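Chemist: Below is a structure I'd like to ask you about.
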Amino acid sequence: MNDIVLPEHSGPELRLDAPQLQLADLRTVLVECAGDLDDMELGEAALDRLFTDLGYDSLAILETAAAVGQRYGVELRDEDVAEAVTPRAFLLLVNRTLATAAQGAPS
Numbered sequence: 018m019n020d021i022v023l024p025e026h027s028g029p030e031l032r033l034d035a036p037q038l039q040l041a042d043l044r045t046v047l048v049e050c051a052g053d054l055d056d057m058e059l060g061e062a063a064l065d066r067l068f069t070d071l072g073y074d075s076l077a078i079l080e081t082a083a084a085v086g087q088r089y090g091v092e093l094r095d096e097d098v099a100e101a102v103t104p105r106a107f108l109l110l111v112n113r114t115l116a117t118a119a120q121g122a123p124s
């Protein structure tokens, strides 16, 4: 089950047509950037586990953030990425950034 992860937001209405990073997309980019961890499945059960517990170090997450930013055309600040220590937090960060970026894009 890969539901869209919408960011928590209390400001103006965010565009729902903004692209969204899904868990399956995150797993694909993680594997491309840091390699596949044979004994670890990045599924729904892993959403709230620390990346370090899943076998990914901070460099792998920064590389993943750079690749996601390049693919989706947004910049993820290193400080924000460093605070996104779980897959759920990373997805929220990316999807919030994508939704905010879409605010400035024409409809």
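Last residue of the sequence shown: 124 (my numbering), numbering continuous. Here a beta-carbon is modelled for each residue, glycine too, at the ideal position from N, C-alpha and C. Quantities reported herein were computed from a predicted structural model and do not represent experimental measurements.
How about residue 85 and residue 46: are their beta carbons less than 7 Å apart?
Modeler: yes
Chemist: Roughly how many angstroms lie between the CA atoms of residue 87 and residue 71, to the nearest whole one?
Modeler: Approximately 24 Å between the Cα atoms of the pair.
Chemist: Leaving out five residues on either side along the sequence, give the residues of the same chain with a beta carbon under 6 Å from the beta carbon of residue 23.
Modeler: With a pLDDT of only 47 at residue 23, under 50, the local geometry of the prediction cannot be trusted, and the value read off the model is given with reservation. Answer for residue 23: no residue qualifies.
Chemist: According to DSSP, simplified to helix, strand and coil, what is residue 60?
Modeler: coil
Chemist: Please classify residue 69 as buried or exposed, where buried requires at least 16 neighbouring CB atoms within 10 angstroms.
Modeler: exposed
Chemist: Can you tell me which of the three DSSP states residue 81 falls into?
Modeler: helix
Chemist: Per DSSP, what kind of secondary structure is residue 52 in: helix, strand or coil?
Modeler: coil
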